[in-house]
Every structure is written in C-alpha cells, then in structure tokens.
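Visitor:
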C-alpha cells in the first residue's frame, strides 16, 4: 500500500468544508510556511522535494518558481491551471471537487513564496459545478482569515479569483490561458518572452497545474526530505493517476511512483485488471496526446526491464519504444478495441480544438482526421498510411505551441506500433467494418537484444 | 553616448553579418539579402506583433550563441527570434528547413481554392511566389476544400475568405492604423475566419491598407475588381497633397494608357508597403489629374508584372458602341413571363414543406 499525500484525508466525510479540513490538520502547512519559514525557505523546500509539474511536461516546479522575474513595483501573479481538458485526464476535477481547501492552501503557500497578491484559478468551462465549490471554499477560507488582507498578521495579502473558461482545450496551454484570462481570444503567445517574465497583463506570472500546487502542501507539511523518499529517482513523491478504459476499477488513484505498470493495471488495489477477463492490447499512459503503447512494450521496456510508473521509465526508449507519464490520464484498451478508430477519435478532437493560429496545426489536424476517417470507413489506400506519417512529421515541432505535437504524437505512435492493423483495415475494408483486428501479436513478448 | 553600441555577429548560411542586438533573424537575413532571406507570409515589419503564425520562415539555429553554443532543439520562426552574438543559422543550407517549408506550403495550399485564374491578386500574390519557389508540383489532398458563408465588407473591400491563410496582418493593420477595429478572427481551427463583428462595414480612414498587407487574394480592392490583370498594368509612382495628416500621399498608380485602374501604396522588395495611404487616395482618386506623376515604378525583373511593358498602348475601343450604332440595348423579354417556376410573386418561405411544381401552377394562383 503506497503512501498517500494528497488523498490522505479524502475519505473523511465533509472534508470539502473548512471545519472538517482544519480539524484534520488542514492549513497547518500554510501556518508553518507563513509564520515560521518565509518565502525563501519554502522555495528551498520545494526545490529540495524535486516536485515536477503535474500538468504533463514534468518541469521541475522549484526551478520554474525561481525563474520568475522580480522587477520593483510590478505585481506578480500565480495562475492555477485547472483547464483540465485532455481526454482521459480527470484528476484535478477530483481534487477540486472533494478537497478544494487543499488546493486553496497550496495556492496560499505558493503565492506567498512567489510574492503574488492575486491568484487566479482558470477552470475548464465544462466543470460548471466546481467554481461554486471553489468559491464557497474561498469564502470559508476568507472568513477564517486565510485569505484577504494581512494573513496571520504577516502582512501578506492574497485574493483568489475563479475564472471559468469557455470550453477550449487550447486554453490549457499556459500562454493561451493567460490570453483568455485577459479576455482575449485564446491564442497561444509566441515565446519568448516566457510568462515568468511577461505573463498575465505583461507582469511576471507562474502558471501551475492544480495537482502541482496541491502537492506543495504535503511538501511543506512533511518537508522536502520526506517527500523525496517517496518515488524513484527524479520522479519524487506521489502522482494522481486517472485510470479509465477497459478496467475493472476506473477512477483516480494516488500512486507512489515506485510501482510497475503491470501492478497498477492488474492489482486489486488499483485498476483491478481488465474487464470481463479480456486481454490487454494497448494503453495510453498519460492522457490522449502521449504515444500509445502496445501491451508488450507497455509492461516491459525494449531493453527487457519492467516498466515502472515514473516519468523516466515510461519515457524509456524515447518515442520509438516509449511514451510519457504526461498528465496521468491512464487509458487502458482491451483486445476488442480498434486502434484506428481510437486514433481517429483523437485526431477529430485535435482538429476540433486547434486554435487555427499557425498553419501546420490548423491545416494538418483536419487533414489527418479526414485521411484516418477514410481508412476507418474502408476507403483507405496503402499510401494513406505513409501520407499520415508524413503529415504528422511536418506538424510536429513546427508549431507555436505544443498542441501541434500533441496532435501528431498519437497518430505517429499508432502507425509506429500498430501499422499491421492499419494495413489490415486498408486490405480488408469490408471485414474492418464488421469486426476488429483483435489482439494479434501485440502482447507477444518482444525479443530482447542480448547484453553485450 | 560616446560608447559605441556593440554589434552582434551572426552567420546565416555561412554568410556573416553584424546587426544590432534585438534584431530578428529574418531582418538580419534581409540585411544580407538574396536567397538567404526566408519567405514570410505573416510577418510585416511595419505591424507591431505580427509574425510567428505562418511558419514559412522557419530556420534552423545550429549554434545558439558564443556563450551557449548548443543548437536550438526545434526549428524556430526567424521573424520572431532575436539574434544572439555568435549565432549560426542555417536556412537554405539545411535540408531539414527546406523539407519543413515544403510541408508548410502544402498545408497552406490544401484549403486554398487555387482560383488564380479569376483572382485579382494573381501576379502579385505572395502565396503564388511561395508555392512556385518552395512548393511541390502537385497536392496529396483529396478532400473538399473548406468554404465559408459570404460576408459583405462594404463597397470598397472584397473578402474571399476561402483564399485567406489567416496571417492576421489585416487584424493588426486595423488595430494599429484605424481608430476602431471592427473585424477580427472568429471561430477556431481550420474554420477560423476573418469577419466583421455583426457584419459591420469597415468604415475607417485607413482600412484600405488591409488590401495591401494581405499576402493573398482574400482582401482585394472592389473598385478595381476584375478590371485588369496586374501584369497588363504599368505601375507608376505618383503623389498628391493629401489632406489627411496621417497619409503620406505617395502611391503607386496602376495604369494602362491614361487610365488609372488601381491605387496602392508603394511596396518594397519584400512586398511590404513603404508607407500607409488613406482610403480617399486609394479608392476615390482614380484620375490622372489628381496626381503628380513621378515616373515609372521599378519592378523586380523576375516579377510577372515587369513582363507587360506596354509602351504607347492604345485605349481599347468598346465594340458595343459601334455595333449598336446609336441604339439603346433593350430588354428582349422578362424571364418571369416565360418560365413556369421562376415566379417572384410566390414567396418560397411561406410554402409549407419543400416546394412542388404544383405550387407554381398558374391556374391555381
């Protein structure tokens, strides 16, 4: 049983409300940070903990915080990215819905560290009911002196505002989020300048994921040294994984980053194995934009090592044979799932969500969707597969923001690992409409190159 | 300020150039000139904040700077990346860049209608030049090209949204030159479109400049529409004392014989205007008498425009005048009097369900 830090008290009834949260040790970390530590010490602690951004990229949070520019007389902002729109990812929703005070405490500590007196929670528009929960929690915190003017007599002021998005995936990209927050069209900005220098209203800004900011609380509570003991290597601490797909127990799990992928899928503590006794075919371990892996590459790396649920192990082998931990949207597919259809679904999503600012993504995503649709509906040609490969290659890396990459990677990985299935679709157009390709050889153990 | 400003040494395609700090790679390349200049479809040096969107100007930075010699991991947009001291950039010497650029041109063209034969921009279109130089000879796109609902932008400017490549130049122009921007980009993804807010007419003194900044034929001059091909016209530099203080009054007249077909601002070798002109000069002064003519305008000899050296052109006669011999053309018959179904007195919106031939039956109504 792994240790839980974020969801430690999640099972307690009424933890959503201030009184219960406070009774169970809530706001102790904030008290410690504000009263006895000071910004410098908190930053040191976060750096020491090795906390990495939980939004997908895995950038070290302490380093990100230390980059923030501190010109005289210019306000600084902390923005909490709650625009969780990646298909398969729903961990932040759980945090905000059930333990809103954990996030608010995290925001308080982080804002104090960064010297930000205003903090914005930019929440996904579709999470229509959560702003109310957050606002209620903010009001409770304010009533109890954790927000507002002169918090705990330290002279530190903080206001937290909740802003709802209007349903655009692209607004989860930090600069698009900032544009949207300023009331403009949510187009990603061209970097540099980075938000740490010129962000919200051209002021230094830090944008962090909900889970990252919430993770600051246990780091301060137990100390960075304690935090780093959890997990493996550079993947320290715990991570929320939102597991879904063909598994017995879908849901949000907090894992210590030292278990294997196999354990996570098949143990009763977590996903509880594949539904209806089917066999595992493929898995997307980090939300829709990371590469899909077939069962054989998912459980063992190309070198034959056991794949662990860590940033490094999931990325082992690069994109040729690896994937990414991403945002922790763990999508499991059994033998009845069609990879082509699945890829089409993602391509349609990215086509729909492309902001249309730069040409490769605007034009390429739609093109990929149309080609995939042809293959899926039995109108594909062999050359279409190579065409898809070429399109994704020309999108990847050539766009302003990572949405282009996110659109290209699933297609690339599907073709890389499941080319047989694509070819089968093209060669047997009628059969492909009636049945799926099935598991085929995707779970067969791969030959491991002998060690030299 | 006795201290001399330190210049940055940059190498682009192995050609060294010294530029001021803060210069973009693209502008440094323009300082060298010639083939090393990356093409730019959305960047416009006179418009603040433009660039970075079309991705045709992508280049490879093979050496970041003297201080940090690591190459940049991805291709960068040269129009928005500033140079560092000792930076080395590969543009046409990098196969990767040329490959990516070819891809971008393909992307730009998959939804472009390719209606150059009927497009007024043909001959001075940046997209034509770009695809000629960097594009593939055919397309791999087999699907319907996107279309849009038509939007009327008023009497001066014609919008062909299908031709648009969403460079945002016109949005920046309206933002920075006119008092109130009334158009912008609506929707997102490949259905983004340039549109006026609740279809307001663009009625500003300088809005005509969006025609000049448009790299393709999406925004064209309605007053010169379908009148002539640019390569049949002769560009002539001219000026007038414009009453508008913000207007420079220096224009290029596009003439054939003594007729002025079109007035535009003067464009430099990169297709950028030298200075903005007002709408009065552009749309209303189409008489030679309005202008002081300076002389023929220099046009790059590779341009199709310079092919039409029409010296001593005679104004073509209108043959209809001779044929009609003083008679007036008359209406031979009204189509409605002949046709069974084409009847303006029947309001289709008031018929229940789809219209049927019975609905048009004369004996019934």
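Residue numbers (our numbering), protein chains in the order written: chain A, 895 to 1346; chain B, 9 to 373.
Backbone N, C-alpha and C fix where the C-beta goes; we use that ideal spot for every residue, glycine too.
Since the structure is predicted, the reported quantities are computational estimates derived from the model, not experimental observations.
(1) Spell out whether any CB of chain A is found under 7 Å from the CB atom of residue 62(B).
(2) Expressed to the nearest angstrom, what Euclidean distance is found between the alpha-carbon atoms of residue 279(B) and residue 133(B)?
(3) For residue 239(B), which three-state DSSP category applies?
(4) Would you check if the distance between the CB atom of residue 1203(A) and the CB atom of residue 1158(A) is smaller than 7 Å?
(5) Please classify residue 300(B) as buried or exposed, where buried requires at least 16 other C-beta atoms within 10 Å of its C-beta.
(6) If we require 3 or more residues per run, which beta strand (DSSP E) segments fall completely within the segment 1205-1233 of chain A?
(7) Is there a C-beta anywhere in chain B that falls below 7 Å from the one on residue 1251(A)?
(8) Below 7 Å on C-beta distance, what does residue 108(B) contact in chain A?
(9) Residue 1281(A) touches chain B at which residues, Cβ-Cβ below 7 Å?
(10) Residue 219(B) touches chain A at which residues, Cβ-Cβ below 7 Å?
(11) Determine which residues of the segment 1241-1266 of chain A have a Cβ less than 8 Å from any Cβ of chain B, and write them out in chain order.
(12) Spatial neighbours of residue 164(B) within its chain, please: C-beta separation below 6 Å, excluding the five flanking residues on both sides.
(13) Could you check which residue in 972(A), 969(A), 970(A), 990(A) has the C-alpha nearest to that of residue 978(A)?
(14) Hey, could you find the ends of the alpha helix (DSSP H) residue 1312(A) is sitting in?
(15) Thinking C-beta only, is residue 1193(A) closer than 7 Å to residue 1208(A)?
(16) Across the segment 897-906 of chain A and the segment 1106-1122 of chain A, are there enough close Cβ pairs to call them in contact, namely three or more that are closer than 8 Å?
(17) What first and last residue would you give for the alpha helix (DSSP H) that runs through residue 990(A)?
(18) Are any of the Cβ atoms in chain A nearer than 7 Å to that of residue 112(B)?
(19) Grab me the residues of residue 373(B)'s own chain with a C-beta within less than 6 Å of its C-beta, minus the 5 sequence neighbours each way, in chain order.
(20) Are residue 1034(A) and residue 912(A) touching if we call contact CB-CB under 7 Å?
(21) Could you tell me which residues DSSP puts in a beta bridge with residue 1058(A)?
(22) Where residue 91(B) and residue 1333(A) are concerned, what is the direct C-alpha to C-alpha distance, given to the nearest angstrom?
(23) Measure from the alpha carbon of residue 253(B) to the alpha carbon of each residue in 271(B), 214(B), 260(B), 273(B), then state which is nearest.
(24) Given a cut-off of 7 Å, decide if residue 1122(A) and residue 1132(A) are closer than it, judged by their beta-carbon atoms.
(25) Out of 262(B), 326(B), 293(B), 295(B), state which residue places its alpha-carbon closest to the alpha-carbon of residue 313(B).
(26) On a Cα-Cα basis, can you pick out the residue from 38(B), 64(B), 88(B) that is closest to residue 1292(A)?
(27) Can you name, in chain order, every residue of its own chain whose Cβ lies under 8 Å from the Cβ of residue 1009(A), other than the five neighbours on each side?
(28) With 7 Å set as the bound, which would you pick, yes or no: does the beta-carbon of residue 358(B) sit closer than that to a beta-carbon of chain A?
(29) Going by beta carbon distance, what residues of the same chain come within less than 8 Å of residue 992(A), once the five residues before and after it are set aside?
(30) Measuring only between beta-carbons, confirm whether residue 1269(A) sits less than 7 Å from chain B.
(31) With DSSP collapsed to three states, give me the class of residue 1091(A).
(32) My understanding is that residue 983(A) touches residue 1221(A), with C-beta atoms under 8 Å, so please give their C-beta distance in whole angstroms.
(33) Using a cut-off of 7 Å between C-beta atoms, extract the partners of residue 119(B) located in chain A.
(34) Any C-beta of chain B within less than 7 Å: which residues of the segment 1118-1135 of chain A qualify?
(35) Which stretch, first to last residue, makes up the beta strand (DSSP E) that contains residue 1285(A)?
(36) For residue 25(B), which residues from the same chain have a beta carbon less than 7 Å from its beta carbon, with the 5 sequence-adjacent residues on both sides left out?
Guide: Taking the definition as stated:
(1) For the purposes of this step, residue 62(B) is identified with residue 54 of the second chain, where counting begins at 1. True, the Cβ-Cβ gap to chain A drops below 7 Å.
(2) Start at 1 with the first residue of the second chain, and residue 279(B) comes out as number 271. Start at 1 with the first residue of the second chain, and residue 133(B) comes out as number 125. Computed Cα separation, rounded: 9 Å.
(3) For the purposes of this step, residue 239(B) is identified with residue 231 of the second chain, where counting begins at 1. Three-state result, residue 239(B): helix.
(4) Counting from 1 along the first chain, the entry for residue 1203(A) is found at position 309. Counting from 1 along the first chain, the entry for residue 1158(A) is found at position 264. Taking 7 Å as the Cβ cut-off, residue 1203(A) and residue 1158(A) qualify as a contacting pair.
(5) For the purposes of this step, residue 300(B) is taken as the residue at position 292 of the second chain. Answer is exposed; the Cβ neighbour count stays below 16.
(6) 1223-1228
(7) Along the first chain, one-based indexing puts residue 1251(A) at 357. Yes - at least one Cβ of chain B is within 7 Å of the one on residue 1251(A).
(8) As a working note, residue 108(B) is residue 100 in the second chain. Those within 7 Å of residue 108(B) in chain A are 1288, 1292.
(9) Taking the first chain and counting its residues from 1, one reaches residue 1281(A) at position 387. In chain order: 148.
(10) Sequence index remark: in the second chain, residue 219(B) carries index 211 (1-based). Ordered by position in chain A, no residue passes the 7 Å Cβ test against residue 219(B), which lies about 22 Å from the chain.
(11) 1245, 1246, 1247, 1248, 1249, 1250, 1251, 1252, 1253, 1254, 1256, 1257, 1258, 1259, 1260, 1261, 1264
(12) To locate residue 164(B), count along the second chain from 1; it is residue 156. Answer for residue 164(B): 230, 291, listed in chain order.
(13) Residue 978(A) sits at position 84 when you count from the first residue of the first chain. Residue 990(A) is the option with its Cα nearest to residue 978(A).
(14) Working through the first chain from its first residue, we reach residue 1312(A) at position 418. From DSSP, the alpha helix (DSSP H) with residue 1312(A) extends over 1297-1321.
(15) If you number the first chain from 1, residue 1208(A) lands on position 314. If you number the first chain from 1, residue 1193(A) lands on position 299. In this structure, residue 1193(A) does not lie closer than 7 Å to residue 1208(A) by Cβ.
(16) yes
(17) Indexing the first chain from 1 puts residue 990(A) at position 96. First-last of the alpha helix (DSSP H) with residue 990(A): 985-992.
(18) What you label residue 112(B) is simply residue 104 of the second chain in a count that begins at 1. Closer than 7 Å: yes.
(19) As a working note, residue 373(B) is residue 365 in the second chain. Residue confidence for residue 373(B) is low, a pLDDT of 49 falling below 50, so the modelled location carries little weight; the figure read from the coordinates is stated next. So the list is empty, once near-sequence residues are dropped.
(20) The residue labelled residue 1034(A) in the question sits at position 140 within the first chain. The residue labelled residue 912(A) in the question sits at position 18 within the first chain. Yes; because the gap between Cβ atoms is below 7 Å, this pair is in contact.
(21) Taking the first chain and counting its residues from 1, one reaches residue 1058(A) at position 164. 1017(A), per the DSSP bridge assignment.
(22) As a first step, residue 91(B) is located in the second chain; it is residue number 83 there, counting from the start. As a first step, residue 1333(A) is located in the first chain; it is residue number 439 there, counting from the start. Those two C-alpha atoms are separated by around 52 Å.
(23) On the second chain, position 245 is the one that residue 253(B) refers to. Comparing Cα positions, the closest option is 214(B).
(24) In the first chain, the residue the question calls residue 1132(A) occupies position 238. In the first chain, the residue the question calls residue 1122(A) occupies position 228. Cβ atoms of residue 1132(A) and residue 1122(A): not closer than 7 Å.
(25) As a position in the second chain, residue 313(B) is number 305, starting the count at 1. With distances taken between Cα atoms, residue 313(B) lies closest to 262(B).
(26) Position 398 of the first chain holds residue 1292(A). For residue 1292(A), the nearest C-alpha among the options comes from 64(B).
(27) As a position in the first chain, residue 1009(A) is number 115, starting the count at 1. So the list reads 933, 964, 970, once near-sequence residues are dropped.
(28) One-based indexing of the second chain puts residue 358(B) at position 350. No, its Cβ sits nowhere closer than 7 Å to a Cβ of chain A.
(29) Within the first chain, numbered from 1, the residue matching residue 992(A) stands at position 98. Hits under 8 Å: 904, 909, 910.
(30) Position 375 of the first chain, counted from the first residue, corresponds to residue 1269(A). No, because no Cβ of chain B sits closer than 7 Å to the Cβ of residue 1269(A).
(31) Taking the first chain and counting its residues from 1, the one referred to as residue 1091(A) is at position 197. Correct three-state label for residue 1091(A): coil.
(32) Mapped onto the first chain, residue 983(A) falls at position 89. Mapped onto the first chain, residue 1221(A) falls at position 327. At roughly 5 Å, the Cβ-Cβ gap stays under 8 Å, so residue 983(A) and residue 1221(A) are in contact.
(33) Counting from one through the second chain, the residue named residue 119(B) turns up at place 111. The answer, in chain order, is 1257.
(34) none
(35) In the first chain, the residue the question calls residue 1285(A) occupies position 391. Element bounds for residue 1285(A): not the beta strand (DSSP E) but the alpha helix (DSSP H), 1276-1289.
(36) For the purposes of this step, residue 25(B) is taken as the residue at position 17 of the second chain. Correct list, in chain order: 18, 36, 39, 40.
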